[in-house]
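The structure under discussion appears below in the form of structure tokens.
Protein chains: 2
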Amino acid sequence: MIIDRINSPADVKKLSSDELNILAADVRKGLMNRLSKRGGHFGPNFGFVEATIALHYVFNSPEDKFVFDVSHQCYTHKILTGRKEAFYSDEHFGDISGYTNPEESEHDFFNVGHTSTSVSLACGLAKARDLKGGKENVIAIIGDGSLSGGEALEGLDFASELGSNFIIIVNDNDMSIAENHGGLYKNLKALRDSNGKCECNLFKAMGLDYMYVPDGNDIQMLIEAFKKVKDTDHPTVVHICTVKGKGYTPAETEKENWHWHMPFDPEDPNASIGGGENYGDMTCDYLLAKMKKDKSVVAMVAAVPVNIGFTEEKRKEAGDQYVDVGIAEEHAIAMASGIAKNGGKPVFATHSSFFQRTYDQISQDLCINGNSATLLVNTASVYGMHDITHLGIFDIPMISNIPNMVYLAPTCCEEYFAMLDWSIEQNSFPVAVRIPCNGVIHSDKTFDTDYSDLNKYKVMSEGEKTAIIALGDFYQIGEKLADLIKEKTGTAPTLINPRYITGIDAELLENLKKNHDKVVTLEDGILDGGFGEKISRFYGHSEMKVYNYGLKKEFIDRYKVEDILISNRLTPELICEDIL
Amino acid sequence: MIIDRINSPADVKKLSSDELNILAADVRKGLMNRLSKRGGHFGPNFGFVEATIALHYVFNSPEDKFVFDVSHQCYTHKILTGRKEAFYSDEHFGDISGYTNPEESEHDFFNVGHTSTSVSLACGLAKARDLKGGKENVIAIIGDGSLSGGEALEGLDFASELGSNFIIIVNDNDMSIAENHGGLYKNLKALRDSNGKCECNLFKAMGLDYMYVPDGNDIQMLIEAFKKVKDTDHPTVVHICTVKGKGYTPAETEKENWHWHMPFDPEDPNASIGGGENYGDMTCDYLLAKMKKDKSVVAMVAAVPVNIGFTEEKRKEAGDQYVDVGIAEEHAIAMASGIAKNGGKPVFATHSSFFQRTYDQISQDLCINGNSATLLVNTASVYGMHDITHLGIFDIPMISNIPNMVYLAPTCCEEYFAMLDWSIEQNSFPVAVRIPCNGVIHSDKTFDTDYSDLNKYKVMSEGEKTAIIALGDFYQIGEKLADLIKEKTGTAPTLINPRYITGIDAELLENLKKNHDKVVTLEDGILDGGFGEKISRFYGHSEMKVYNYGLKKEFIDRYKVEDILISNRLTPELICEDIL
Numbered sequence: 025m026i027i028d029r030i031n032s033p034a035d036v037k038k039l040s041s042d043e044l045n046i047l048a049a050d051v052r053k054g055l056m057n058r059l060s061k062r063g064g065h066f067g068p069n070f071g072f073v074e075a076t077i078a079l080h081y082v083f084n085s086p087e088d089k090f091v092f093d094v095s096h097q098c099y100t101h102k103i104l105t106g107r108k109e110a111f112y113s114d115e116h117f118g119d120i121s122g123y124t125n126p127e128e129s130e131h132d133f134f135n136v137g138h139t140s141t142s143v144s145l146a147c148g149l150a151k152a153r154d155l156k157g158g159k160e161n162v163i164a165i166i167g168d169g170s171l172s173g174g175e176a177l178e179g180l181d182f183a184s185e186l187g188s189n190f191i192i193i194v195n196d197n198d199m200s201i202a203e204n205h206g207g208l209y210k211n212l213k214a215l216r217d218s219n220g221k222c223e224c225n226l227f228k229a230m231g232l233d234y235m236y237v238p239d240g241n242d243i244q245m246l247i248e249a250f251k252k253v254k255d256t257d258h259p260t261v262v263h264i265c266t267v268k269g270k271g272y273t274p275a276e277t278e279k280e281n282w283h284w285h286m287p288f289d290p291e292d293p294n295a296s297i298g299g300g301e302n303y304g305d306m307t308c309d310y311l312l313a314k315m316k317k318d319k320s321v322v323a324m325v326a327a328v329p330v331n332i333g334f335t336e337e338k339r340k341e342a343g344d345q346y347v348d349v350g351i352a353e354e355h356a357i358a359m360a361s362g363i364a365k366n367g368g369k370p371v372f373a374t375h376s377s378f379f380q381r382t383y384d385q386i387s388q389d390l391c392i393n394g395n396s397a398t399l400l401v402n403t404a405s406v407y408g409m410h411d412i413t414h415l416g417i418f419d420i421p422m423i424s425n426i427p428n429m430v431y432l433a434p435t436c437c438e439e440y441f442a443m444l445d446w447s448i449e450q451n452s453f454p455v456a457v458r459i460p461c462n463g464v465i466h467s468d469k470t471f472d473t474d475y476s477d478l479n480k481y482k483v484m485s486e487g488e489k490t491a492i493i494a495l496g497d498f499y500q501i502g503e504k505l506a507d508l509i510k511e512k513t514g515t516a517p518t519l520i521n522p523r524y525i526t527g528i529d530a531e532l533l534e535n536l537k538k539n540h541d542k543v544v545t546l547e548d549g550i551l552d553g554g555f556g557e558k559i560s561r562f563y564g565h566s567e568m569k570v571y572n573y574g575l576k577k578e579f580i581d582r583y584k585v586e587d588i589l590i591s592n593r594l595t596p597e598l599i600c601e602d603i604l
Numbered sequence: 025m026i027i028d029r030i031n032s033p034a035d036v037k038k039l040s041s042d043e044l045n046i047l048a049a050d051v052r053k054g055l056m057n058r059l060s061k062r063g064g065h066f067g068p069n070f071g072f073v074e075a076t077i078a079l080h081y082v083f084n085s086p087e088d089k090f091v092f093d094v095s096h097q098c099y100t101h102k103i104l105t106g107r108k109e110a111f112y113s114d115e116h117f118g119d120i121s122g123y124t125n126p127e128e129s130e131h132d133f134f135n136v137g138h139t140s141t142s143v144s145l146a147c148g149l150a151k152a153r154d155l156k157g158g159k160e161n162v163i164a165i166i167g168d169g170s171l172s173g174g175e176a177l178e179g180l181d182f183a184s185e186l187g188s189n190f191i192i193i194v195n196d197n198d199m200s201i202a203e204n205h206g207g208l209y210k211n212l213k214a215l216r217d218s219n220g221k222c223e224c225n226l227f228k229a230m231g232l233d234y235m236y237v238p239d240g241n242d243i244q245m246l247i248e249a250f251k252k253v254k255d256t257d258h259p260t261v262v263h264i265c266t267v268k269g270k271g272y273t274p275a276e277t278e279k280e281n282w283h284w285h286m287p288f289d290p291e292d293p294n295a296s297i298g299g300g301e302n303y304g305d306m307t308c309d310y311l312l313a314k315m316k317k318d319k320s321v322v323a324m325v326a327a328v329p330v331n332i333g334f335t336e337e338k339r340k341e342a343g344d345q346y347v348d349v350g351i352a353e354e355h356a357i358a359m360a361s362g363i364a365k366n367g368g369k370p371v372f373a374t375h376s377s378f379f380q381r382t383y384d385q386i387s388q389d390l391c392i393n394g395n396s397a398t399l400l401v402n403t404a405s406v407y408g409m410h411d412i413t414h415l416g417i418f419d420i421p422m423i424s425n426i427p428n429m430v431y432l433a434p435t436c437c438e439e440y441f442a443m444l445d446w447s448i449e450q451n452s453f454p455v456a457v458r459i460p461c462n463g464v465i466h467s468d469k470t471f472d473t474d475y476s477d478l479n480k481y482k483v484m485s486e487g488e489k490t491a492i493i494a495l496g497d498f499y500q501i502g503e504k505l506a507d508l509i510k511e512k513t514g515t516a517p518t519l520i521n522p523r524y525i526t527g528i529d530a531e532l533l534e535n536l537k538k539n540h541d542k543v544v545t546l547e548d549g550i551l552d553g554g555f556g557e558k559i560s561r562f563y564g565h566s567e568m569k570v571y572n573y574g575l576k577k578e579f580i581d582r583y584k585v586e587d588i589l590i591s592n593r594l595t596p597e598l599i600c601e602d603i604l
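Top line first, the protein sequences correspond to chains V and P.
Here the working numbering is used: the first residue of the first sequence is 25, the next is one more, and so on.
Here the working numbering is used: the first residue of the second sequence is 25, the next is one more, and so on.
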């Protein structure tokens, strides 16, 4: 295999035209080996093989600097820059992350996992180069729906001001995770249809020079184009058209399902991988039933419909009561606020990590105005996504300290739907609900249907001496801790489900002083700025002893949940050891 | 005056063409009366008089719904919708806010004060209308540089998907607060130069219909245009060209200085309004001196150069070491991260309230990557801006709970510059520094020049029994409190300057236990998720009594600082009363 001879980009430059094509086939074997056994971003990587080879053939990485947007298309780049073992040798799968990572290689400049950041990050590299009098090329690579994100559009708009070498590769595969949304994709189509000649051109309207490459999976065509813009003295867009999932028929035909894929059998890719209850499907079914009764209910997503189970079929069923705004989370929150203001009932869902893009919109567009939109915060948990760029452990400090917001943490399936239903039907508060993330846990208890009497905690079992306030996904740890304390001391502690992340039940906390001397708080997120600290503040100058349990404030990467729980002393046994 | 007959939009519709022009002159008298005596957004309001009259002439507010971007151009709208006394009768100035406000009038739909939100908010109103089968017009009004903000661009991109009535008035006055930045403004110029006929058209590239109105200060021309788009069945941009500050020569010529203006004498507008030391000028002079010695230092702003004193003259002096990214705060943070990654020394400054737009960029683009950019957080204080949309009391919970960030709070001028200088020169941490906001307070103490030994608090005077940990702008309250406690009890307390918002000095806190039984924390911001709660958590299960002082988590509007300090018991006297 040609890949055997490739240990750095310099080796790519030695290949003939035919050898480059063989290299592309070799690369796909490596991608298939890793992706079929380990899972990962399939479509983006398979579609960007040729373009990556051409980039390394023409430019001189790392002196010339590539910045990959989201970086979920960077696997070929990793293969060509000294990390091929992680694709061809199963025992080396763990050597690399799924994203660019400066700790792995001098060819990677940023840890990136959120969309729409590449142009702005690369603008910074270019600006510093210009101040230092450098001459290297700086290349941002963006596509897969990322163009519609506010940060990307800000970056595109600013780039023309650089006035120096700057190359933006627009990887147009006509897809986001699901289908693309937004007017600009109509312009991309018009550009494709006119072979790049259409006068109305988004990139030119942003002040950028423009070049069109019809076949972004043709290495020679790409090489010619890249050679033309190499060492350019001004910002230029190179619009290349690629096929998402290129080279593997199921991925080319079922693009949405193969954007990211679980491990699979390449010979039988549709083999069922089990199933069972999950909150995505259940939330979708609940919302569809609700929509049928009430025309004003709207489910909203930002390019990640899977968060609430909206498959293509279910999207059709919802019709105009389903809105995918594309990658545009800021817009989504403001639009949800507007819908609520005008009498609609919007429910917007995305990952905890992606809500980070909407802090100002939650504060200004939604909460100052007190509009009753519902936000569903998915994978908001140590049990959620484990990549450093997708952590779900920061949303409590981020969301819960914004005034007017009501942030709820259900402890099981039934409580989740009770909270969601209340939130949709009320019109007094902006409400966010954490979607449980520790499996679908059922309870036969009765849960309140009205949460408008804010910040009332629920005593689940009354005891004495120690009170355990166990929030959301960590409620079950609280239950086990209660059992263990009773077992060890003979005295049953009080177990409390606080439900509300955003406030203190002062009356209940005050009452606990009567026959408790110890309060333990448990929260599924970092402690800094979180829920437990508010309880500590409340009891600060009383005799009550307070123990806050949660996670340390740090960025963790590709972790094992058990390790994190243990290092934060978050098991019933370790907590018992601490407090008794 | 014609204005005497105008009590609602219906009265506007009765006027003849000539009377409408007289009304415009009358409105300007009201604007001048309020703005000269009270100060406020001058240029945006003076430029938008005719357009507002034409909008109310053609459309039927509040059934037809106007959403004003930033809403700093809404004064004429307030005058025409029943709130004219607040402009013509000095005793009624206090009746209204400077922004749209649903509590004032049914003609206002949102509290708005940040830029770039109007299109998305209005999309929400339109979507809810469509679900309900309504027929009213929804009109977003955006300009003054707001187009370059990510949320606005996301909104423009999405709007074409509405497929129903939606009107976007682009108020093009060729200005942001300072001059415009970004490639799209070149497109606006091309459109102006071609009378709207230029084929390359940003709005069409976003999938929107487009109409051009060359004179946006000509009421009849506007009325004709608005009549054409009224009841349109699809999203349309109406690009109108107005003169910022129209009708008052100083404001037309000195647009930047008259964007917002202090109270002034209309007959002698340039009369000096005093001066004295301020952090804007001092920071600018410091940075300019630094830049001369070091070509890699870059001052960055997002359309608000006044935050760090960069007047037009000083911008010229800085040359390519000064970057105004336009209204594009997300881009600014990512670009700063890129500059630092490539060896530059970026310093980005904006208001505390506007940093809210950059939570994800601070977390993902900057802090995960650990790049050593410096962020200067201005008006981050209860002493800062007093409008509900511009509060500076939320940045501690927002910024300080992000891992890897070092957030510093100086207690005086000399400490601020020591921290800033260290931050620029180090290359290990992303650093944010609060610009002091309680006046320029000098100290003859010596301050550290190296802050890389993180989270080391400074004991300013050693005492016993009570320790006061007084952060940043509230350090002076801490000093007074220390004196008062000594006076009342005969025992001097310990006074500590914690300096670091982002971490705990565990060793120092542990040592305090020896001869202290009480700790008082003081912070200039809300308590929830803030600094003091971390101290409470630390001491949670010890004997130490902790009292956290700061602000209640709430949106406050047009407040008096003294009132807020008293209601939060934030005076030395009240604190003494509580703790003794």
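From the three backbone atoms N, C-alpha and C, an ideal C-beta is built for every residue, glycine too.
Distance CB(residue i)-CB(residue j) smaller than 8 Å
i	j	result
V:ASN479	V:TYR524	yes
V:GLU178	P:LEU232	no
V:ASN425	V:HIS375	no
Interface flag, residue i vs chain P, CB-CB below 8 Å
i	result
V:CYS265	no
V:GLU301	no
V:HIS410	no
Beta carbon proximity, residue i to chain V, threshold 8 Å
i	result
P:ARG582	no
P:GLN450	no
P:PHE372	no
P:GLY549	no
P:ARG458	no
P:ASN366	yes
P:VAL349	yes
P:GLU185	yes
P:THR141	yes
Alpha-carbon to alpha-carbon, residue j and residue i
i	j	result
P:PHE133	V:TYR407	40 Å
V:LEU575	V:ASP419	13 Å
P:GLY187	V:ILE166	28 Å
P:LEU215	P:GLU578	44 Å
P:GLU493	P:CYS436	Before going on, a small fix: residue 493 of chain P reads as Ile here, not Glu. Looking at the two C-alpha atoms, the distance is approximately 15 Å.
P:GLU127	V:HIS131	55 Å
*asked:* As an exercise, report each continuous alpha helix (DSSP H) stretch of at least 4 residues that is fully enclosed by the segment 485-534 of chain V, in chain order.
replied: With a minimum length of 4 residues, the continuous alpha helix (DSSP H) runs that stay inside the segment 485-534 of chain V are 499-513.
*Along the chain, which unbroken stretches of the beta strand (DSSP E) at least 3 residues long are found entirely within the segment 378-456 of chain P?*
Listed in chain order, the complete beta strand (DSSP E) runs (minimum 3 residues) inside the segment 378-456 of chain P are 398-402, 430-432.
*Name, going along the chain, the residues of the segment 416-447 of chain V whose beta-carbon falls closer than 9 Å to a beta-carbon of chain P.*
PHE418, ILE420, PRO421, MET422, SER424, ASN425, ILE426, PRO427, ASN428
*What are the start and end residues of each continuous alpha helix (DSSP H) run of 4 or more residues lying completely inside the segment 72-134 of chain V, in chain order?*
73-82, 99-104, 109-112
*Against chain V: residues of the segment 187-200 of chain P by CB proximity under 7 Å*: Under the 7 Å Cβ criterion, the segment 187-200 of chain P contributes no residue.
*Mind listing which residues of the segment 389-413 of chain V have their C-beta closer than 8 Å to chain P's C-betas, in chain order?*
If the cut-off is 8 Å between Cβ atoms, the segment 389-413 of chain V has ASP389, CYS391, ILE392, ASN393, ILE412, THR413 near chain P.
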